[in-house]
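Participant: From first to last, the protein sequence lines stand for chains A and B.
The working numbering applies: residue 18 is where the first sequence begins, and numbers increase by one.
The working numbering applies: residue 334 is where the second sequence begins, and numbers increase by one.
For reference, the structure I am asking about is given below.
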Amino acid sequence: GAGVSQSPSNKVTEKGKDVELRCDPISGHTALYWYRQSLGQGLEFLIYFQGNSAPDKSGLPSDRFSAERTGGSVSTLTIQRTQQEDSAVYLCASSSSGEGYNEQFFGPGTRLTVL
Amino acid sequence: AQSVTQLDSQVPVFEEAPVELRCNYSSSVSVYLFWYVQYPNQGLQLLLKYLSGSTLVKGINGFEAEFNKSQTSFHLRKPSVHISDTAEYFCAVSETSAGGFKTIFGAGTRLFVKA
Chain A
18 GAGVSQSPSN
28 KVTEKGKDVE
38 LRCDPISGHT
48 ALYWYRQSLG
58 QGLEFLIYFQ
68 GNSAPDKSGL
78 PSDRFSAERT
88 GGSVSTLTIQ
98 RTQQEDSAVY
108 LCASSSSGEG
118 YNEQFFGPGT
128 RLTVL
Chain B
334 AQSVTQLDSQ
344 VPVFEEAPVE
354 LRCNYSSSVS
364 VYLFWYVQYP
374 NQGLQLLLKY
384 LSGSTLVKGI
394 NGFEAEFNKS
404 QTSFHLRKPS
414 VHISDTAEYF
424 CAVSETSAGG
434 FKTIFGAGTR
444 LFVKA
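So this is what it looks like as structure tokens:
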């Protein structure tokens, strides 16, 4: 694809349910990032994948959050037992490599609402 | 640990006036610095970046930023803004972490250009 895609674009769920958010990075990009954007709080780093290296999970807010990246491409962010404070826009980005000087290309985001 | 502080959450300015959006960072190592822009209902895109060399960096849409190592700042400027510059602007710092680089974003500055 031409850019980073995310699905679904919107997700409304009930408190306590599990949700899965999907990210398709730009083909060939080895680095993939997940962020959470809450109103007035900017972008919060969640997790970072680089090639076959172990992911940097240091930003995951609790053990209810997990992410995987299959085959070095598509990534899924899973939130178990969702809480109202999980409501936010979840952004995925990819870059051509894990080098810090590379531009990150962002997807449109998934807006999660937990009722 | 690195951090990014955007000193103004909102900046209202009249069209054709100059603007400066402030960004300070803290890091104990060399970093790469970025400004991203998010137009209403759109994803984030790169505005400009500083990697090394000249401390004055020019980006798209007439924006520029100056890296000041002694003040650990990377302020964004434009000499004359347009209505179309209304957007949220994010300063970001990329620093080495285990296995690669992690990018930390500031909380964002909402620029509102008035006619």
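We put the CB at the ideal spot given by N, CA and C, even for glycine.
Go to Tyr-118/A, then tell me how far its beta strand (DSSP E) extends in each direction, as first and last residue.
Facilitator: Here residue 118/A refers to the residue found at position 101 when the first sequence is read from its first residue. It is not in any beta strand (DSSP E) - Tyr-118/A carries neither H nor E in the DSSP assignment.
Participant: Could you tell me which uninterrupted beta strand (DSSP E) segments, each at least 3 residues in length, are contained entirely in the stretch 64-132 of chain A, listed from first to last along the chain?
Facilitator: Uninterrupted beta strand (DSSP E) stretches at least 3 residues long and entirely within the stretch 64-132 of chain A occur at 82-86, 92-96, 105-112 and 127-131, given in chain order.
Participant: Taking the beta strand (DSSP E) that Asp-36/A falls in, what are its first and last residues?
Facilitator: Within the first sequence, residue 36/A is the residue found at index 19, counting from 1. One detail in the question is off: residue 36/A reads as Val in this sequence, not Asp. Note, Val-36/A: beta strand (DSSP E), 36-41.
Participant: Between the Cα of Gln-378/B and the Cα atoms of Leu-384/B, Ser-385/B, Tyr-369/B and Gly-386/B, which residue gives the shortest distance?
Facilitator: The count along the second sequence starts at 1 and reaches residue 378/B at position 45. Of the candidates Leu-384/B, Ser-385/B, Tyr-369/B and Gly-386/B, the residue whose Cα lies closest to the Cα of Gln-378/B is Tyr-369/B.
Participant: Note down, in chain order, each residue of its chain lying with its Cβ closer than 6 Å to the Cβ of Lys-382/B, except the 5 sequence neighbours on either side.
Facilitator: Looking up residue 382/B in the second sequence gives position 49. These residues qualify, in order along the chain: Phe-367.
Participant: Going along chain B in order, which residues have a C-beta closer than 7 Å to the C-beta of Asp-41/A?
Facilitator: Locating residue 41/A in the first sequence gives position 24, where the first residue counts as 1. Identification of chain B residues near Asp-41/A by a Cβ-Cβ cut-off of 7 Å yields none; the smallest Cβ-Cβ distance measures about 14 Å.
Participant: So, does the CB of Val-364/B fall closer than 9 Å to a CB anywhere in chain A?
Facilitator: As a first step, residue 364/B is located in the second sequence; it is residue number 31 there, counting from the start. By this cut-off, Val-364/B is an interface position.
Participant: To the nearest angstrom, how far is the alpha carbon of Leu-384/B from that of Phe-434/B?
Facilitator: On the second sequence, position 51 is the one that residue 384/B refers to. On the second sequence, position 101 is the one that residue 434/B refers to. Taking the straight line from one Cα to the other gives about 14 Å.
Participant: Mind checking the stretch 84-98 of chain A against chain B and listing, in chain order, the residues whose C-beta falls within less than 7 Å of any C-beta there?
Facilitator: none
Participant: Run through DSSP, which three-state label would Asn-401/B get?
Facilitator: By one-based count along the second sequence, residue 401/B stands at place 68. Here Asn-401/B sits in strand by DSSP.
Participant: Tell me the DSSP secondary structure of Asn-394/B in three-state form.
Facilitator: Taking the second sequence and counting its residues from 1, the one referred to as residue 394/B is at position 61. Asn-394/B: helix per DSSP, three-state reduction.
Participant: Could you tell me which residues DSSP pairs with Ile-437/B in its beta bridges?
Facilitator: Numbered from its first residue, the second sequence carries residue 437/B at position 104. Looking at the DSSP assignment, Ile-437/B forms a beta bridge with Val-426/B.
Participant: Determine the DSSP secondary structure at Ser-406/B, reduced to helix, strand or coil.
Facilitator: Locating residue 406/B in the second sequence gives position 73, counting from the first residue. It is a strand residue.
Participant: Residues of chain B with a CB under 8 Å from the CB of Leu-49/A: which are they?
Facilitator: The residue given as residue 49/A occupies position 32 in the first sequence. Near Leu-49/A there are no residues of chain B at all, since even the closest Cβ is about 11 Å away, more than 8 Å.
Participant: Checking the sheet assignment: what are the DSSP bridge partners for Val-337/B?
Facilitator: Indexing the second sequence from 1 puts residue 337/B at position 4. Bridge partners of Val-337/B: Tyr-358/B.
Participant: What residues in its chain sit with their C-beta under 7 Å from that of Gln-100/A, if we drop five residues either side in the sequence?
Facilitator: As a working mapping, residue 100/A is identified with position 83 in the first sequence. So the list reads Lys-32 and Val-131, once near-sequence residues are dropped.
Participant: Using beta-carbon positions only, say whether Val-106/A and Ser-22/A come within less than 9 Å of one another.
Facilitator: As a first step, residue 106/A is located in the first sequence; it is residue number 89 there, counting from the start. As a first step, residue 22/A is located in the first sequence; it is residue number 5 there, counting from the start. For Val-106/A and Ser-22/A, no; Cβs fall outside 9 Å.
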